[in-house]
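Trainee: Take a look at this one; I'll ask things after.
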Amino acid sequence: MYNLRFFTRYFMTATLCKAERQNKHSVIGKLFESGGKSISAFPLRVVYMPLAKDDEFPVSILVSVPKRLFKRAVKRNRVKRQVREAYRLNKDILLQALADQPHGMVLAFIWLDKELHSSEDIGRKMRNLLHRIAEKTLQL
RNA sequence: GCAGUCGGACGGUUUGUCGCUGGCAUCCUUUCGGGGAUGAAAGAGGAAAGUCCGGGCAGCAUAGGGCAUCCCACUUGUUAACGGCAAGCAAUCCGCGAGGGUUGAGUAGCGGAGAAGAAAAUAACCGCCUCUCUUUUCUUUUGGAGAGUGAGGUAAGGGUGAGAAGGUGAGGCAAGAGCUCACCAGCCGUGUGGUGACAUACGGGCUGUUCGCCUUGGGAGCUGUAAGAUCAUGUAAACCGGCGUUAUGAGGGUAGCCCGCCCCAUGUCGGAGGGUAGAUCGCUAGAGCCAUACGGUGACGGGUGGCGUAGAUAAAUGACAGACACCUUCGCUCUUCGGAGCAAGGCACAGAACCCGGCUUAUAGGCCGGCUGCUUUC
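Structure (C-alpha cells):
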C-alpha cells in the first residue's frame with residue numbers, strides 16, 4: 000500500500016486546479032439538501048455524494064469555513080488554504096479507491112472549530128477521513 | 001543626554017520542496033467553438049477593514065411651480081466633489097512650554113429650565129435705612145438708647161444655583177442704586193485697517209444664562225458592477241411603438257402633499273420581452289504612479305522627464321521546512337562596565353471584489369525632521 004502511494008504520488012503530480020474545485024450551484028444544492036452523507040474527524044466534517052464520472056477529474060471538492068467561527072477574513076482564508084493543501088497532498092488515497100468504480104464523487108469539507116489548528120494535525124485528520132470514505136466506497 | 005510635542009515615511013529580507021490565478025511566447029491537437037504541454041516573467045494594504053461622507057461610471061425616472069421632509073452652517077481658499085483638507089478669526093478649557101481639545105448663521109416672536117433658593121424676570125426672606133404708634137429704660141428737662149407693631153425706601157451684604165438683574169473701585173445718599181465718574185467685558189452707531197471672519201479709535205448708559213420651536217441662506221431624483229450589455233435557449237392572452245376608435249368621468253402616472261401636466265376600452269400592423277441555469281464583456285490607463293525644478297504661508301496648481309504595475313468569482317496571490325534581520329528576558333557566560341556571545345520566547349493590525357478622493361477605527365516594531373522643557377560639558 001505504501002509503495003503504491005509513493006508510486007502514484009511520484010508520477011501523478013499532486014495538483015489541484017480549478018476544475019477540481021466544485022463550483023456548480025446546482026450540484027452544491029443537491030449535495031446539502033438530499034444526497035449527502037457525512038462523517039467527521041474534529042475539527043473537520045465532510046459531506047460526500049457519488050456523482051456521474053468525469054474521466055479527467057473523478058473527484059471535485061469544496062471547502063467551507065463559516066463566518067460565525069472566524070470573524071476576520073484572514074483567519075478564514077488561512078484555514079481554507081490549510082484544508083485544500085491537506086487534500087491536495089493526500090487525495091490519491093481516494094483516487095485509488097475510485098479508479099475501478101463507475102462513478103465519481105463530490106466532497107464538501109466543513110470546518111467546525113473556533114480555533115486554528117496546525118497543518119500537521121489537519122493532514123492527519125484528512126488522511127483519516129479519506130481512508131474511511133475509500134472503505135465505504137469499496138463496500139458499495 | 002533625558003522627557004515631551006508636531007509632522008513625514010516604513011511596516012520584514014531570503015533559500016528549498018510541493019502547489020494556485022490570469023495573461024504572454026513556443027509547440028502539439030481539434031468535431032475550428034476550443035483543448036493540452038513546456039518556458040520565462042507577474043500576482044493584497046497602509047489601513048485592502050468599518051461602509052461614514054463626496055465623486056466618476058451605469059441603468060431607471062423626469063414639462064413646470066409651491067409647500068413639506070432631510071442634510072449643511074465663523075471666514076477665505078483648495079478641489080471633479082465633499083460634511084474633507086489648508087491657512088486664518090472669535091470664545092473657552094488643558095499644558096511651565098512647544099502645542100492640543102471643544103464650540104461657532106440669526107434672535108423678531110413663542111415655550112421650557114428638576115432639586116435648591118425669598119425670588120429664575122412687573123424680584124424684598126434675612127439684613128440696611130426713614131417715618132407713625134405702643135412699650136421698657138436712662139436723664140433735672142429738651143431728649144437719648146433698646147424692644148415690638150404697622151407704612152414705606154433699598155439690589156451694598158447673606159445663603160441657593162450653571163446663571164441673581166454687567167464687574168471692580170471711588171463719589172454720592174437716610175440707606176442704596178449706571179444715580180455720577182474711572183477702568184474693564186458685551187451691545188449699538190460712526191471712522192480707520194483687513195478679500196473676509198474680525199481688530200482698533202471715538203461716541204452712546206443700551207446690558208441675565210441656557211435649550212427647543214422658529215427665522216435666514218445654501219443644497220438634495222432613485223438604485224448600485226448581484227449596475228448594466230451581448231450570446232445561447234425560446235414562447236403566451238404579458239411589454240413597447242405606429243394607425244384607427246370611445247369617453248369627459250373616475251382611475252393611473254408625475255419621489256410625500258397641492259396646483260398643473262400626461263395617459264386611457266377595444267381592434268389591427270410591426271417589434272421583441274419574462275423566468276431558470278450558464279458563458280463572455282463590464283474589469284482595470286486612472287481626477288494614475290515616480291522623479292525633478294517653479295508658483296503659493298499652505299491645501300494645491302500647472303510644466304518637464306520617466307514607468308506600465310493584481311483582476312479572482314463557493315472567490316487565486318499559498319502550505320511546509322530552514323537561514324538572516326529586529327524585539328524581549330527574575331536565564332547563563334564573558335567584560336575594557338559601553339556592551340558582546342549563547343539560550344528561550346516573540347515578530348502587530350489585517351486579505352483586493354467596479355474605480356477614485358477623504359474620514360473613522362485597528363496596529364508589534366523601529367526610522368527621519370522641526371520645535372519645547374530639563375540637564376551635562378565647553
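Using numbering that gives the first Met the number 0, you'd call the opening residue of the first sequence number 0 and step up by one each time.
Think of the CB as a built atom: it goes at the ideal place given N, C-alpha and C, for glycine as much as any other residue.
Given the structure is predicted, the values throughout are model-derived calculations rather than measurements.
1) On the criterion of 16 or more Cβ atoms from any shown chain inside 10 Å, does Ala107 qualify as buried, or is it exposed?
2) State the beta-bridge partners of Ser59 as determined by DSSP.
3) Go ahead and label Leu137 buried or exposed: buried means 16 or more other beta carbons lie within 10 angstroms of its beta carbon, across all protein chains shown.
4) Return the CA-CA distance between Lys70 and Phe41, expressed in angstroms with no decimal places.
5) If you check the beta carbons only, do Ile109 and Val46 fall under 8 Å apart?
6) Ignore the nearest five residues each way along the sequence and tell me which others in Arg126's own chain have a CB closer than 6 Å to its CB.
7) Could you have a look at Lys79 and say whether DSSP puts it in helix, strand or coil?
8) Starting from the C-beta of Asp120, find all residues in its chain whose C-beta is less than 7 Å away, skip the five residues before and the five after it, and write them out in chain order.
Mentor: Short version:
1) On the first sequence, position 108 is the one that residue 107 refers to. By the 10 Å Cβ count, Ala107 comes out buried.
2) One-based indexing of the first sequence puts residue 59 at position 60. Looking at the DSSP output, Ser59 shares a beta bridge with Val105.
3) Taking the first sequence and counting its residues from 1, the one referred to as residue 137 is at position 138. Classification of Leu137: exposed, given that the 10 Å Cβ count is below 16.
4) Looking up residue 70 in the first sequence gives position 71. Looking up residue 41 in the first sequence gives position 42. Taking the Cα positions, Lys70 is about 20 Å away from Phe41.
5) Here residue 109 refers to the residue found at position 110 of the first sequence. Here residue 46 refers to the residue found at position 47 of the first sequence. In this structure, Val46 lies closer than 8 Å to Ile109 by Cβ.
6) Taking the first sequence and counting its residues from 1, one reaches residue 126 at position 127. Excluding residues within five positions, the ones whose Cβ falls inside 6 Å are Asn89.
7) As a first step, residue 79 is located in the first sequence; it is residue number 80 there, counting from the start. Lys79: helix per DSSP, three-state reduction.
8) As a working note, residue 120 is residue 121 in the first sequence. There are no such residues.
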